[in-house]
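Down below is the structure, laid out as structure tokens.
Protein chains: 4
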Amino acid sequence: MVLFQCDYTEGAHPKVLERLVATNMEQWSGYGEDDYCRSAADKIRKACGNESLAVHFLVGGTQTNMTVIDAALRSHQGVLCASTGHINVHETGAVESCGHKVLPLPSGDGKITAKQVEEAYLGHINDEAHEHIVQPKMVYISNPTELGTIYSKAELKALYEVCNKYGLYLFLDGARLGYGLVAPDNDLTLQDIAENTDVFYIGGTKVGALFGEAVVMRNESLKADFRYIMKQKGGMLAKGRLLGVQFDALFTDNLYFDISAHAVNLAERLRAAFEQKGYEFVAPNRTNQIFVKVPDAHLEKLKGEFGYSYDHRVDETHSVVRFCTSWSTLESNVDALIGAIEGLK
Amino acid sequence: MVLFQCDYTEGAHPKVLERLVATNMEQWSGYGEDDYCRSAADKIRKACGNESLAVHFLVGGTQTNMTVIDAALRSHQGVLCASTGHINVHETGAVESCGHKVLPLPSGDGKITAKQVEEAYLGHINDEAHEHIVQPKMVYISNPTELGTIYSKAELKALYEVCNKYGLYLFLDGARLGYGLVAPDNDLTLQDIAENTDVFYIGGTKVGALFGEAVVMRNESLKADFRYIMKQKGGMLAKGRLLGVQFDALFTDNLYFDISAHAVNLAERLRAAFEQKGYEFVAPNRTNQIFVKVPDAHLEKLKGEFGYSYDHRVDETHSVVRFCTSWSTLESNVDALIGAIEGLK
Amino acid sequence: MVLFQCDYTEGAHPKVLERLVATNMEQWSGYGEDDYCRSAADKIRKACGNESLAVHFLVGGTQTNMTVIDAALRSHQGVLCASTGHINVHETGAVESCGHKVLPLPSGDGKITAKQVEEAYLGHINDEAHEHIVQPKMVYISNPTELGTIYSKAELKALYEVCNKYGLYLFLDGARLGYGLVAPDNDLTLQDIAENTDVFYIGGTKVGALFGEAVVMRNESLKADFRYIMKQKGGMLAKGRLLGVQFDALFTDNLYFDISAHAVNLAERLRAAFEQKGYEFVAPNRTNQIFVKVPDAHLEKLKGEFGYSYDHRVDETHSVVRFCTSWSTLESNVDALIGAIEGLK
Amino acid sequence: MVLFQCDYTEGAHPKVLERLVATNMEQWSGYGEDDYCRSAADKIRKACGNESLAVHFLVGGTQTNMTVIDAALRSHQGVLCASTGHINVHETGAVESCGHKVLPLPSGDGKITAKQVEEAYLGHINDEAHEHIVQPKMVYISNPTELGTIYSKAELKALYEVCNKYGLYLFLDGARLGYGLVAPDNDLTLQDIAENTDVFYIGGTKVGALFGEAVVMRNESLKADFRYIMKQKGGMLAKGRLLGVQFDALFTDNLYFDISAHAVNLAERLRAAFEQKGYEFVAPNRTNQIFVKVPDAHLEKLKGEFGYSYDHRVDETHSVVRFCTSWSTLESNVDALIGAIEGLK
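Protein chains in written order, with my numbering: chain A, 19 to 363; chain B, 19 to 363; chain C, 19 to 363; chain D, 19 to 363.
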């Protein structure tokens, strides 16, 4: 059985693992105050083209989202996001458990627009009873989104402009950031993202690390005391050096981007095979996730051999499922899947 | 200027106030442990036809909603409600501030159905990733709803049946309960409500009291330690006797229902005048709230003399506004408003 | 049975009640946006000698404490207070329910000192692991304290100086403020308090009102969006005018202070009788609360006729109990209690 | 510079790391639903002598404490612990951030007694105002404690008996469990702990793993929906297999206990050298932590070469510091430290 259901089925990229092994018996202070964390942070700042960025390392995505959002918001403030946003649907209410309402905006493709944000903000502030309503104070977007789509540079700039206009924080969840930055149709750089958000993170868990997310903060008002809140939310790893070592490896010799490109190239091949077969895509994109409408009869034949993730039923005979590639996907497995698809009748 | 914008523009019904004045210098223990609270609770139990109900008095609606919901739910559990539900839109995230996600269901008329609840529950439990999603554990409904509509006995019974089937609590917000129970098209009694919910409350603030909501609990598992949580949420009034005295008065000689009928009768007259004028109703109902689509030109002429509450813009020349009557509405003011409407051109 | 167990056994002072009755059928907008709230706030600002103060009205003390504290603190910040502080012991964890740790400092008399605050702050900041420890950000004091003692002007100034030095908020709980300000040994004015705190409140519940606490804020950074948080915590009374009317009456013709003096004068008489009898005082003070060590044999004789509040056992034959006077205490009842005490053998 | 300041300065035990490397490219489902997690849980159940235990894997200690405690308590309930308890002092208020008050009991040696728990419980329940006070519902202990001391079998049984008598949960934090179980003066087995607690955890972070804590639950009422709450608190690792692989290795061939014994043996040698030098111990114990009172002049000479953790100042010329050993401590480093100490004048 070959798993295509998600992008975290293997451990770490060999070069990352190698560094963990090589440094295993070194002695370091805990909680991220070691040379590897310092070095990794420096490399990330350099890659982002801004030496004054604050960089912190956390373990996982839900933890990162709740920590950043709780650090930013006061009690009565909420966070706008796409209705499909990870914080809205797949984190068991982590944001609400910190006391904050998630304010979903309708979205078909996982993205939201500057116009939607502006309307939501103005709708709030112009409501006579606005003190009775949660105040929007942050905008959460994912890039790539939960549906694999990406923001263009123009879209991100427009969002950030609206956020600045109304005093909202813009937070970009980059759990799969690598796969977005190397997509053939992407025009955003890491620098663009650092310049057009208040805070974002670079996902390691899904892009080559055993685990780990690197939070990058540009907005000064978010920087204060962030480590206290990391600790409070259970996100300050005792052996913080594990995160430093991994991100240091990922940001050495372009590794983060090269392994992302591997995943995207294989996804392109899969996508072509699906297209050839006449399957339709949901939220078409060119990153590592493919949401595709497949006859149930075909799924039945694939399911013993290939793992995919079931999304939803379309009609009596069709379903939408997700296939993912990742840095660890073997070309031979993609060949096998393409072969199997071509052979379906 | 005559205010029709809401149903809490005056103080208390004279008979309620009279009792407060008469008992003012009596000495009583605090926190609801006085004879008036005991007596009021007994009268409410009797009116509900069930002597084993637990009755608690709180000060206001938001406080009551957050206290009941927080008392019932564990961290990972959420509460289903209509998208228009008061807890979803007009409590500044009070439920989320207690750590719980509000799970809105689409609703055009303020109501939700047993079928919607069942689908939401099954959708959750059948999702492979259900542990990553907030677990629905309570259903919150309002009767009358925020749009003035009411549940029929059959609808409430169907909801409660589904809740029981899946282990969900059913909680009915009765901030305007009186106005629903006396509506011409209502077929629910107080006893029906007590039998077909796990917990509900009888609103005093909008129905004759200075303030106060009487929580009525039938489900044993909700009763334990409720007073601790009342205190924690700031809802245990030091001079609890004020709540006891008021509810005792309201549940003496049918007062609660008689004054509700007064409001509903006046609303019927207003509604007839609006209909006569050709205005259309949003979520038609026969309780004390009227949501009506009015030409902006007409509003312009009314607004110096009559207070209403602005709801939303329909098109370039029309808006939806709300007119409310209450126990305190003067017939002469209704006459004046009707006259003004008839005179509009 | 005459109750001396607390200072909220009766309703409202007749002059306050009279105003509620007189204004009962007036129509006003809700949520504190009425002329009475505006007038009361103006009178309070004037009494405090500062026109730029923000004044908000809430219903009860626990609610006020949790709302002010939650409005002020970020997630990782806590509030220093005496170990006997109301927020630490008698609010069922309301502050913790908002996510904040209460940081108790040892106190024998209900008070804390500038030196204790400074040591706590420096102890925190100088701890290598301070990011793993809740950060002190606010100091909560009560005046009078839970034991009836009061702060001198010099003590309050010293506390505020330390708070300013280290960026801590100083919050004074004035649930019984009137009884402190008129104590024979008091040297603090309302103006002094307004000048030497960031936020404080003037208690109504225990000093002449049916209920209500008036929050007074001087620190600009606390003012923003406070009404949102009042609403979220269930503290924004629908008929806010009830609070405005009451505080307007209390701050007319010196009423608040005159009725406080009534209570303190009677407490002085009781205290003299206790002293005469040879009883010892816990945390000696000259406000309206008397904590006194009494032989159990005496308590046994008093308890059918006079209500007191049991505090704790001292030894096998003595207990500490509390007697309170208030604005509503009848001189004749005090005479009776003194007579009973004198007659004890 | 050789670090003795804590027990998490290195990575993982070579046998643990080896297994991570060997399984790195295997494909597994996420979130702990893999064969390694299942196998590790089985081995732990077997070691605990109870096949019906629930076993869950989390990443770190603070996260584990907050997740377990939040899963167990309702809003108004708190957790009793030693004043030195990790949750009380070193988790930046994580428990309070979930809404629960930590209820500290005085402790000189890091332990609390059954008698203290009973008194605290009875003190609460017998207080007339108990509804105004946080309700004790859980007892948190650490074994070894934060001071390195351990509970005897009799002490643990007495605690559990009191907990059962009053309906309290007993939760044992085993972040350093291995070092306690192999202490020369220990009489507790893993089975004893499993039988005499409702829930406990086996620490991996400090005992051979890169990270990871294994929660073991016996009480049925704690088991329900625990994974939801793990996810909500950010504690459900995407690549859960990393935890399974590590604990599987630790519970193979007695590894967990053997490497614990290594640490304790070296601590015994250090302790003997300290004693020889005339240093006094704080909270004497025979586990891997040594709290020792040292002349500042000596510390001055050690500090360039040996890392220790500064605890507190005793007097003008003495301080208490902590030296730790761990599974990874090199005998040669211990020799060097002993030599240095012997050479101090």
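Using N, Cα and C, we set each Cβ at its ideal position, and we do this for glycine too.
Proximal residues of chain A, C-beta to C-beta of residue i below 7 Å
i        : result
C:HIS150 : LYS249
Below-8 Å beta-carbon distance, residue i vs any chain B residue
i        : result
C:PHE5   : Residue 5 of chain C is absent from the structure shown; chain C starts at 19 and stops at 363.
A:ALA290 : no
C:LEU228 : yes
A:TYR6   : The requested residue 6 of chain A is not part of the displayed model; chain A covers only 19 to 363.
Rounded Cβ spacing between residue i and residue j (contact assumed at less than 8 Å)
i        : j        : result
A:ASN42  : D:GLU28  : 7 Å
A:TYR246 : C:GLU149 : 5 Å
A:LEU195 : A:VAL217 : A:LEU195 to A:VAL217, Cβ: 13 Å. No contact.
A:LEU35  : D:VAL39  : 6 Å
D:ALA201 : D:ILE168 : 6 Å
Identity of the residues DSSP links to residue i by a beta bridge
i        : result
C:PRO154 : C:GLY96
C:ARG331 : C:SER337
C:GLU231 : C:LEU76 and C:GLY221
D:TYR187 : D:MET156
Beta carbon of residue i nearer than 8 Å to that of residue j
i        : j        : result
B:ALA232 : B:VAL339 : no
D:VAL97  : D:ALA132 : no
B:PHE324 : B:PHE22  : yes
B:TYR187 : B:ALA90  : yes
A:GLY103 : A:TYR158 : yes
C:GLN250 : B:THR110 : yes
A:LYS319 : A:LEU362 : yes
C:LEU71  : C:ARG63  : yes
C:GLY79  : C:ALA193 : yes
C:GLY296 : C:LEU268 : no
D:HIS108 : C:ALA138 : no
C:ALA112 : C:ASN83  : yes
A:PRO162 : A:ASN283 : no
D:THR85  : D:MET248 : yes
A:SER278 : A:LEU199 : yes
A:GLY67  : A:ALA212 : yes
CB contact check: residue i to chain C, cutoff 8 Å
i        : result
D:TYR139 : no
D:GLY96  : yes
D:VAL86  : no
Partner residues on chain C for residue i, Cβ-Cβ distance less than 7 Å
i       : result
B:GLN81 : GLY252
B:CYS99 : Near B:CYS99 there are no residues of chain C at all, since even the closest Cβ is about 17 Å away, more than 7 Å.
Interface partners of residue i on chain A, CB under 9 Å
i        : result
B:SER337 : Within 9 Å Cβ-Cβ: nothing; B:SER337 doesn't reach chain A, min ~13 Å.
D:GLY78  : VAL77, GLY252, GLY253, MET254, LEU255 and ALA256
Neighbouring residues, chain C, relative to residue i (Cβ below 9 Å)
i       : result
B:GLU28 : ASN42, MET43, GLU44, GLN45, TRP46 and LYS257
D:SER93 : THR110, GLY111 and SER115
8 Å Cβ cutoff, residue i in contact with chain A
i        : result
C:ARG287 : no
B:GLU114 : yes
B:ALA147 : yes
CB contact check: residue i to chain D, cutoff 8 Å
i        : result
B:HIS118 : no
A:THR223 : yes
C:VAL107 : yes
Contact list for residue i against chain C, beta-carbon separation under 8 Å
i        : result
D:THR215 : Residues of chain C passing the Cβ test: none, with the nearest at roughly 24 Å.
D:TYR326 : Chain C residues near D:TYR326: none, gap ~12 Å exceeds 8 Å.
Proximal chain B residues relative to residue i, where beta-carbon distance stays under 8 Å
i        : result
D:GLU245 : The residue asked about is misnamed: residue 245 of chain D is Arg in this sequence, not Glu. Neighbours of D:ARG245 on chain B, chain order: GLU149.
Where residue i meets chain D, residues with beta-carbon distance less than 8 Å
i        : result
A:THR110 : TYR246, ILE247, LYS249 and GLN250
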